[in-house]
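Since the structure comes first, as structure tokens, the remarks are kept for the end.
There are 2 protein chains.
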Amino acid sequence: MKLYSYWRSSAAYRVRIALNLKQLSFETIPVHLLKDGGQQHSSAYQALNPAELVPTLVDEQGSLSQSLAIIEYLDETYPEPRLLPQEPFARAKVRALALDIACDLHPLNNLRVLQYLTGELALDEAQKLRWIQHWLTLGFNALEQKLQQTAGQYCYGDEVSLADLCLVPQVYNALRFKLDLAAYPTISRVNHNCLQLAAFALAAPEQQVDAQV
Amino acid sequence: MKLYSYWRSSAAYRVRIALNLKQLSFETIPVHLLKDGGQQHSSAYQALNPAELVPTLVDEQGSLSQSLAIIEYLDETYPEPRLLPQEPFARAKVRALALDIACDLHPLNNLRVLQYLTGELALDEAQKLRWIQHWLTLGFNALEQKLQQTAGQYCYGDEVSLADLCLVPQVYNALRFKLDLAAYPTISRVNHNCLQLAAFALAAPEQQVDAQV
Numbered sequence: 001m002k003l004y005s006y007w008r009s010s011a012a013y014r015v016r017i018a019l020n021l022k023q024l025s026f027e028t029i030p031v032h033l034l035k036d037g038g039q040q041h042s043s044a045y046q047a048l049n050p051a052e053l054v055p056t057l058v059d060e061q062g063s064l065s066q067s068l069a070i071i072e073y074l075d076e077t078y079p080e081p082r083l084l085p086q087e088p089f090a091r092a093k094v095r096a097l098a099l100d101i102a103c104d105l106h107p108l109n110n111l112r113v114l115q116y117l118t119g120e121l122a123l124d125e126a127q128k129l130r131w132i133q134h135w136l137t138l139g140f141n142a143l144e145q146k147l148q149q150t151a152g153q154y155c156y157g158d159e160v161s162l163a164d165l166c167l168v169p170q171v172y173n174a175l176r177f178k179l180d181l182a183a184y185p186t187i188s189r190v191n192h193n194c195l196q197l198a199a200f201a202l203a204a205p206e207q208q209v210d211a212q213v
Numbered sequence: 001m002k003l004y005s006y007w008r009s010s011a012a013y014r015v016r017i018a019l020n021l022k023q024l025s026f027e028t029i030p031v032h033l034l035k036d037g038g039q040q041h042s043s044a045y046q047a048l049n050p051a052e053l054v055p056t057l058v059d060e061q062g063s064l065s066q067s068l069a070i071i072e073y074l075d076e077t078y079p080e081p082r083l084l085p086q087e088p089f090a091r092a093k094v095r096a097l098a099l100d101i102a103c104d105l106h107p108l109n110n111l112r113v114l115q116y117l118t119g120e121l122a123l124d125e126a127q128k129l130r131w132i133q134h135w136l137t138l139g140f141n142a143l144e145q146k147l148q149q150t151a152g153q154y155c156y157g158d159e160v161s162l163a164d165l166c167l168v169p170q171v172y173n174a175l176r177f178k179l180d181l182a183a184y185p186t187i188s189r190v191n192h193n194c195l196q197l198a199a200f201a202l203a204a205p206e207q208q209v210d211a212q213v
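Right under this line is the structure:
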């Protein structure tokens with residue numbers, strides 16, 4: 001399998017964790033989101049991923065986009081360890097936590113949005129940071145409240161799930177933008193527990209072949 | 001079942017279509033997103049849905065948030081008619097189309113974002129409309145390209161799927177904001193085909209008990 005990835009992309013980071021948890025070997029193909037005006041906009045990559053976003057997974061069946069769709073595909077194809085509980089209501093709770101991050105939090109602070117804010121809208125750095133912190137704070141407040149109901153060692157009880165695969169990259173992202181995590185003890189605890197696992201640690205941005213540290 | 005809904009919410013609209021397709025009876029509980037400073041921010045609703053967003057589905061097992069998690073739950077619990085293909089790769093393609101809309105398109109033009117643009121950032125109406133059209137155009141360009149590969153009568157072949165449940169509300173939303181659909185023949189065709197089905201037609205915003213037309 002080939003994963004078109006960028007070291008700091010939250011969405012690619014989620015898929016890397018899933019691949020590691022399932023012990024699947026894959027080749028990373030770096031797509032530099034800032035170099036050459038954004039390599040994700042190249043015509044070769046656009047043909048693979050019309051939305052010009054990372055990640056894209058390519059296997060013998062073809063190419064897949066959207067991190068959560070890719071992870072569910074991996075989970076259905078390589079069921080061990082499973083990333084969703086078996087019972088439908090519990091599955092829905094886990095998926096909702098993942099979507100809280102993937103739909104309502106991450107897209108608002110994504111690179112292309114920040115580029116629009118500082119480009120088209122000519123916001124200064126302070127305004128950009130306020131935007132980022134606004135959505136992070138709203139999202140983390142809601143997540144903390146939900147996780148207080150559902151978390152054990154991980155986001156949903158004591159088994160790693162799809163929700164953790166979204167949480168850890170989002171916390172990484174929040175720390176980059178200096179969000180103070182003191183108000184989020186449950187998020188912090190789960191994040192810490194996940195990072196003890198090699199599958200998460202090895203998926204970290206700094207561990208990637210294209211990392212610039 | 002109870003569905004906390006707002007007539008014009010795209011996310012609630014998706015769930016209404018799913019409930020109708022599966023012929024499940026439900027009670028609509030209107031949450032007015034603009035009245036009383038936004039009824040989604042009331043403490044009663046916040047306890048049910050910490051992110052203060054619609055929809056929320058409540059059944060005998062409890063409350064669920066996030067439209068896509070709710071729809072997958074309904075699909076697992078009431079499998080007929082199924083909203084995802086059976087084969088994993090095809091399921092992933094359908095989920096990716098749904099997520100293209102639910103993650104990368106809809107959240108950027110959601111009410112709370114537009115309120116931030118005109119409030120905190122003091123954008124005028126023309127700037128707000130440019131923001132909306134920018135993300136709609138990017139998203140629809142990518143979708144049209146993908147649907148040209150996958151669509152038959154509906155988004156993915158000739159069976160209604162989760163992707164259609166996201167597409168139709170997104171097209172409704174785009175038309176509200178005057179997006180010209182001439183460049184999107186496949187999107188337009190699929191949208192038209194879906195709206196011929198009673199499950200879609202009856203889920204339309206104007207058909208809801210809380211519609212203000």
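These protein sequence lines map, in sequence, to chains A and B.
Each residue of the first sequence is one higher than the one before, counting from 1 in the UniProt record's numbering.
Each residue of the second sequence is one higher than the one before, counting from 1 in the UniProt record's numbering.
C-beta: ideal position from N, C-alpha, C; glycine also.
Since we're looking at a predicted model, the values are computed, not measured.
Residue i and residue j closer than 7 Å at C-beta
i	j	result
THR56(A)	LEU48(A)	yes
GLN66(B)	LEU181(A)	no
ASP104(B)	PRO107(A)	yes
LEU179(B)	LEU147(B)	no
SER188(B)	VAL94(B)	no
LEU195(B)	ALA201(B)	yes
ALA18(B)	ILE101(B)	no
CYS155(B)	LEU167(B)	yes
Within-7 Å CB hit, residue i to chain A
i	result
LEU103(B)	The sequence given here places Cys at residue 103(B); Leu does not occur at that position. At least one chain A Cβ lies under 7 Å of CYS103(B).
ALA178(B)	In the sequence as displayed, the identity of residue 178(B) is Lys instead of Ala. Taking Cβ atoms only, chain A never reaches closer than 7 Å to LYS178(B), which makes this a no.
PRO169(B)	no
ALA142(B)	yes
LEU3(B)	no
THR77(B)	yes
ARG8(B)	no
GLN145(B)	yes
PRO50(B)	yes
Residues sharing a beta bridge with residue i, DSSP
i	result
TYR4(B)	ILE29(B), THR56(B)
LEU21(A)	Answer by DSSP bridge pairing: none, since LEU21(A) is not bridged.
LEU64(A)	LEU57(A)
ALA151(B)	GLY157(B)
Residue i, buried or exposed, once every other Cβ within 10 Å from all chains shown has been counted against 16
i	result
ARG14(A)	buried
ARG91(B)	buried
GLY139(A)	buried
PHE177(B)	exposed
PRO205(B)	buried
residue 215(B)	Because chain B spans 1 through 213 in this model, residue 215(B) falls outside it and cannot be assessed.
VAL54(A)	buried
GLU52(B)	buried
GLN212(B)	exposed
ASP36(B)	exposed
LEU34(B)	exposed
ALA126(B)	exposed
GLN40(B)	buried
ALA142(A)	buried
ALA44(A)	exposed
C-alpha distance - residue i paired with residue j, whole-angstrom precision
i	j	result
GLN145(B)	PRO50(A)	7 Å
THR118(A)	LYS128(A)	7 Å
ASN191(B)	ASN110(B)	21 Å
VAL58(B)	VAL171(B)	27 Å
LEU123(B)	TRP7(A)	34 Å
TYR78(B)	PRO30(A)	41 Å
TRP131(A)	VAL113(A)	10 Å
residue 287(B)	ALA12(A)	In the structure as shown, chain B begins at 1 and stops at 213. Residue 287(B) is therefore absent and cannot be evaluated.
GLN61(A)	PRO85(B)	16 Å
GLY38(B)	HIS32(B)	6 Å
ALA198(B)	GLN115(A)	42 Å
TYR4(B)	ASP210(A)	45 Å
GLU76(B)	PRO88(A)	6 Å
HIS134(B)	ASP158(A)	42 Å
GLU120(B)	GLU120(A)	17 Å
ALA163(B)	TYR73(A)	16 Å
Residue-level contact to chain B via CB, residue i, 7 Å cutoff
i	result
SER65(A)	yes
THR137(A)	no
THR28(A)	no
PHE89(A)	yes
TYR73(A)	yes
GLN61(A)	yes
LEU162(A)	no
LEU68(A)	yes
LEU99(A)	yes
ALA203(A)	no
PRO55(A)	no
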